[in-house]
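Chemist: Going down the list, the protein sequences come from chains Y and L.
The opening residue of the first sequence carries number 0 in numbering that gives the first Met the number 0; numbering runs sequentially from there.
The opening residue of the second sequence carries number 0 in numbering that gives the first Met the number 0; numbering runs sequentially from there.
Every residue, glycine too, gets a C-beta built ideally from N, C-alpha and C.
Note that the structure is predicted; figures quoted are calculated from it, not measured.
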Amino acid sequence: MHFADGQAPGDYLDYIHRKVLWLTGGLVILLILLVYSVSIGAVAIPLSDVFLTLIGQNVSHRWDAIIWNIRLPQALTAVAAGCGLAVAGVAMQSILRNPLGSPFTLGLSNAGAFGAAFSVIVLGTGTMQSRVADAITINNPYITTVMAFLFSLLATAVILLISRVRGASPEVMVLSGVALSSLFTAGTMFLQYFSSDAQLAAVVFWTFGDVGRANWPELTFMSLIVAAATVFFVANRWNYNAIDAGDETAKGLGVNVERVRLVGMVAAALVSAVIVAFLGVIGFVGLVCPHMVRRVIGDDQRYLIPGSCLMGGILLLASDTVARVIVAPYVLPVAVLTAFMGAPVFIYLLLRGYRR
Amino acid sequence: MTLSIQDLTFFYRNQEVLHEIAFSIGKCEIVAILGPNGVGKTTLLKCLNRILRPRDGVVYLDGQELFRLDGAEIARNIGYVPQRIETGRLTAFDAVLLGRKPHIGWDLTDKDLKMVDAVFRRLAMDHLRLAYIDEMSGGELQKVAIARALVQEPRILLLDEPTSNLDLKNQVAILSTIARVVREHGISAVMTMHDINHAIRYADRFIFLKNGRIYAHGGPETISSKTIEEVYGLPVIIGKLGGVTCVVPESCPVPTGA
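#1: Please classify Q300 of chain Y: does DSSP put it in a helix, a strand, or coil?
#2: Decide if R182 of chain L is buried, meaning its Cβ has at least 16 other Cβ atoms within 10 Å, or exposed.
#3: Does any residue of chain Y bring its CB to less than 7 Å from the CB of M114 of chain L?
#4: Alpha carbon to alpha carbon, what distance is there between A201 of chain Y and D133 of chain Y?
#5: Does any C-beta atom of chain B lie closer than 7 Å to the C-beta of A123 of chain L?
#6: Assuming G306 of chain Y contacts G81 of chain Y under a Cβ cut-off of 8 Å, what Cβ separation, rounded to an integer in Å, is found between them?
#7: List, in chain order, every chain L residue whose beta-carbon is nearer than 8 Å to that of E247 of chain Y.
#8: Between Q6 of chain Y and chain L, is any beta-carbon pair separated by less than 7 Å?
#9: Would you kindly report the start and end of the unbroken beta strand (DSSP E) that includes Q56 of chain Y?
#10: Output the boundary residues of the beta strand (DSSP E) element that contains M190 of chain L.
#11: Does L252 of chain Y have its Cβ less than 7 Å from a Cβ in chain L?
#12: For A215 of chain L, which residues in chain Y fall below 7 Å Cβ to Cβ?
#13: Any idea which residues DSSP pairs T8 of chain L with across the strands?
#14: Is it buried or exposed, E217 of chain Y, if we count other Cβ atoms within 10 angstroms and call 16 or more buried?
#15: Taking 7 Å as the CB-CB limit, is A241 of chain Y close to chain L?
#16: By alpha-carbon positions, which one of L:E249, L:K100, L:R88, L:R147 ends up nearest to A117 of chain L?
#17: In chain order, which alpha helix (DSSP H) runs of at least 4 residues are fully inside the region 181-266 of chain Y?
#18: Whole angstroms are fine: how far does the CA of S101 of chain Y sit from the CA of G217 of chain L?
#19: My understanding is that A154 of chain Y touches L179 of chain Y, with C-beta atoms under 8 Å, so please give their C-beta distance in whole angstroms.
#20: Run down chain L in chain order and give the residues with a C-beta less than 7 Å from the C-beta of D298 of chain Y.
#21: So the beta strand (DSSP E) S250 of chain L belongs to, where does it begin and stop?
#22: From the DSSP output, read off the bridge partner residues of I237 of chain L.
#23: Go ahead and pull the three-state DSSP assignment for E228 of chain L.
#24: If you measure from the beta carbon of W21 of chain Y to each beta carbon in chain L, is any gap under 7 Å?
#25: Under 7 Å, Cβ to Cβ, is there at least one residue of chain Y near A130 of chain L?
#26: Terminal residues of the continuous beta strand (DSSP E) containing S23 of chain L?
#27: Quick one, which of L:P219, L:V230, L:L107, L:R12 has its alpha-carbon nearest R52 of chain L's?
#28: Taking 7 Å as the threshold (C-beta atoms), are L233 of chain L and H197 of chain L in contact?
#29: Where do the N-terminal and C-terminal ends of the beta strand (DSSP E) with L158 of chain L fall, by residue?
#30: Look up G104 of chain L in the DSSP assignment and give the residues it is bridged to.
#31: Unbroken alpha helix (DSSP H) runs of length 4 or more, entirely within the region 273-345 of chain Y: which are they?
#32: Quick one: is V16 of chain L buried, meaning 16 or more other Cβ sit within 10 Å of its Cβ, or exposed?
#33: Is it true that the CB of V230 of chain L sits closer than 7 Å to the CB of F205 of chain L?
#34: Using a C-beta to C-beta distance shorter than 7 Å, which residues of chain L count as neighbours of A85 of chain Y?
#35: Residues of chain Y with a CB under 9 Å from the CB of K100 of chain L: which are they?
#36: With 16 as the cutoff for other CB atoms within 10 Å, does I325 of chain Y come out buried or exposed?
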């Protein structure tokens, strides 16, 4: 078949160009927000000094210590976690053909919380150390993290196993995720009911997702996983576009729908599990960021995946920045703020509809 | 390009849906698959490009066994237009561009964009390029789906009831487009159809399915009131209207007393 008379149409190229501009704008906003976030806090650091310190100039030892040891790792953790949760959310929404797909909806977060509760209450890994609540210490954070991770993966494995038996249909995956989520929530409540005050406090504290928990090695590990997952999802953008067009269309285009669905789920679950294990439960970002981006640049996965990734980073970093200063000198866990910040924006976008 | 189907048998769970189906499709041919609801027309169509895997039988694509090819290779040869089209916040151009998927490596090339543009012109849907498919009418969506299959550069088009949900004008427009593309580009098309009159006008050959088997198969001579009555269980009259062969039900019982 030959169609030799075609031209790459100018109006379409302009349309694509506008999407690329949106993404570039998002990246610029994220970078500016990063510098701003590092500059504010209990001690205000001038933006110029932040910038100079970040590019390796030695402005002052005090600034060096605050920026490199405290604020930058926390800000970068917010960016990495936000990107990871949002990119996992957008992939799950496509794979599951369900707008409610997210690490939280599929029970991964609640499974992680159960793992942490199990570790604190049954294994006695204890009470968590906190900058704002001195009474709470978790004397073995590594086991708590590992248990949270293992239970998140266990939830994924169960969902995949059910999908294996019943066929990898989106309905089966979503519904088994919802069932597991309730199951793990009930399990956590059961454990909490029989725990001591200190243990209960530690468990509740753990479930408040907080990006201030990660140190440089953890941040590096998390960033690598998030980056690898993002590259994987971007590489699959045409597969997800095809699945969005319907399973039959996708199969007619040569996509192995079941395999793309299973492998995508594993990747999304892995990145979510790592974030939940290190930081606790951070809802909303994975669910809502993709929808925010959809309203602005549409459903084309070529732009939706990188756009959601940036939006996740922006939302979580902005939330964390506000969380650090809103009731200073106290620092709120970011999870408290994400919904406060994101829900009004999201409702506004829902009411306004799509951008033309 | 020929597609040859031999002894194709398909089971859904433990129930036999298709039994030893055999036929072949030649170049520039339009084949209509006809039969009552639930007889397995769509299932047969889906077996032809491995959306469904039959339990038995072989499909040869120019002498090569279809089931040994990988998915992208099949998609480069066979385009599929499903009955139901999912929409999303995509422009028609992007939706059609997806049809280049089997040809795309890491990213698009200029050729992909030119091909999509050419198909938009060929189907006279230039004005729809930047329209969002979630705001389109059924007829426009059907055109998008056909355009998507065409940019695959297939040598065989499979269409599952391409005119369901369309008004009369759009039915004729879509079928004429398919017929024109088949002739102009020397490809073939297999369509499942409910409207026998449309099939008579646009198809070269007819396959009547009954109880999962081929009941009758051949050219225009296959269309007889006996065949149609036995396949659909409804007596019909076949006549000429304005020089065109038409099939109408023999009697239309109308409930009285309403």
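Modeler: So, from the data block:
#1: For the purposes of this step, residue 300 of chain Y is taken as the residue at position 301 of the first sequence. If DSSP states are grouped into helix, strand and coil, Q300 of chain Y belongs with the helices.
#2: As a first step, residue 182 of chain L must be located in the second sequence, where it is residue number 183. An exposed status is given to R182 of chain L, since fewer than 16 other beta-carbon atoms sit within 10 Å of its beta-carbon.
#3: Position 115 of the second sequence, counted from the start, is the residue given in the question as residue 114 of chain L. Closer than 7 Å to some Cβ of chain Y, the Cβ of M114 of chain L qualifies, so yes.
#4: Reading the first sequence from its first residue, position 134 is the one you call residue 133 of chain Y. Reading the first sequence from its first residue, position 202 is the one you call residue 201 of chain Y. Residue placement at D133 of chain Y is flagged as unreliable, the pLDDT there being 47, under the threshold of 50; a coordinate-derived value is accordingly withheld.
#5: Annotation note: the requested chain B is absent from the structure, which comprises protein chains Y and L.
#6: On the first sequence, position 307 is the one that residue 306 of chain Y refers to. On the first sequence, position 82 is the one that residue 81 of chain Y refers to. 13 Å between Cβ atoms; not a contact.
#7: Position 248 of the first sequence holds residue 247 of chain Y. What E247 of chain Y touches in chain L: K45, I50, Y79, P81, R83.
#8: The residue given as residue 6 of chain Y occupies position 7 in the first sequence. Closer than 7 Å to the CB of Q6 of chain Y there is at least one CB belonging to chain L.
#9: Mapped onto the first sequence, residue 56 of chain Y falls at position 57. In the DSSP annotation of this structure, Q56 of chain Y is not part of any beta strand (DSSP E), being labelled neither H nor E.
#10: Walking along the second sequence from the start, residue 190 of chain L turns up at place 191. Unbroken beta strand (DSSP E) run through M190 of chain L: 187-191.
#11: Along the first sequence, read from residue 1 onward, the residue named residue 252 of chain Y stands at position 253. Chain L contact via Cβ: present.
#12: Within the second sequence, the letter at position 216 stands for residue 215 of chain L. Listed by position along chain Y, the residues whose Cβ is nearer than 7 Å to that of A215 of chain L form an empty set, because the closest Cβ is around 28 Å away.
#13: Locating residue 8 of chain L in the second sequence gives position 9, where the first residue counts as 1. Answer is L:D55, bridged to T8 of chain L.
#14: Against the first sequence, residue 217 of chain Y aligns to sequence position 218. Its Cβ being crowded by 16 or more others within 10 Å, E217 of chain Y is buried.
#15: The residue given as residue 241 of chain Y occupies position 242 in the first sequence. It does: the Cβ of A241 of chain Y has a partner Cβ on chain L nearer than 7 Å.
#16: The count along the second sequence starts at 1 and reaches residue 117 of chain L at position 118. Residue L:R147 is the option with its Cα nearest to A117 of chain L.
#17: Entirely contained in the region 181-266 of chain Y, the alpha helix (DSSP H) runs reaching 4 residues are, in chain order, 196-206, 215-234, 236-243, 246-251.
#18: Counting from one through the second sequence, the residue named residue 217 of chain L turns up at place 218. Counting from one through the first sequence, the residue named residue 101 of chain Y turns up at place 102. C-alpha of G217 of chain L to C-alpha of S101 of chain Y: approximately 53 Å in a straight line.
#19: Position 155 of the first sequence, counted from the first residue, corresponds to residue 154 of chain Y. Position 180 of the first sequence, counted from the first residue, corresponds to residue 179 of chain Y. At roughly 5 Å, the Cβ-Cβ gap stays under 8 Å, so A154 of chain Y and L179 of chain Y are in contact.
#20: Start at 1 with the first residue of the first sequence, and residue 298 of chain Y comes out as number 299. Within chain L, the residues near D298 of chain Y are G87, R88, L89.
#21: Numbered from 1 along the second sequence, position 251 holds the residue referred to as residue 250 of chain L. Segment: none, S250 of chain L is in no beta strand (DSSP E) and carries neither H nor E.
#22: For this step, residue 237 of chain L is matched to residue 238 along the second sequence. Paired residue(s): L:V246.
#23: Numbered from its first residue, the second sequence carries residue 228 of chain L at position 229. Reduced to three states, the DSSP call for E228 of chain L is helix.
#24: In the first sequence, the residue the question calls residue 21 of chain Y occupies position 22. It does not: the Cβ of W21 of chain Y has no partner Cβ on chain L nearer than 7 Å.
#25: Here the question's residue 130 of chain L lines up with position 131 in the second sequence. The beta-carbon of A130 of chain L is placed no less than 7 Å from the nearest beta-carbon of chain Y.
#26: As a first step, residue 23 of chain L must be located in the second sequence, where it is residue number 24. For S23 of chain L, the enclosing beta strand (DSSP E) begins and ends at 14-24.
#27: Along the second sequence, one-based indexing puts residue 52 of chain L at 53. With distances taken between Cα atoms, R52 of chain L lies closest to L:R12.
#28: Mapped onto the second sequence, residue 197 of chain L falls at position 198. Mapped onto the second sequence, residue 233 of chain L falls at position 234. For the pair H197 of chain L and L233 of chain L, the CB atoms are not nearer than the 7 Å cut-off.
#29: For this step, residue 158 of chain L is matched to residue 159 along the second sequence. Element bounds for L158 of chain L: 155-159.
#30: The residue labelled residue 104 of chain L in the question sits at position 105 within the second sequence. BP columns for G104 of chain L are empty, so no partner.
#31: List check, alpha helix (DSSP H) in window: 284-296, 300-324.
#32: Within the second sequence, the letter at position 17 stands for residue 16 of chain L. Burial call: buried.
#33: Reading the second sequence from its first residue, position 206 is the one you call residue 205 of chain L. Reading the second sequence from its first residue, position 231 is the one you call residue 230 of chain L. Their beta carbons are not under 7 Å apart, which means F205 of chain L does not touch V230 of chain L by this criterion.
#34: If you number the first sequence from 1, residue 85 of chain Y lands on position 86. The CB of A85 of chain Y never comes closer than 7 Å to any CB in chain L; the least such distance is about 18 Å.
#35: Residue mapping note: residue 100 of chain L aligns to position 101 of the second sequence, counting from 1. W237, N238, N240, A241, A249, L252, G253, V254, listed in chain order.
#36: Your numbering for residue 325 of chain Y matches position 326 in the first sequence. Burial call: exposed.
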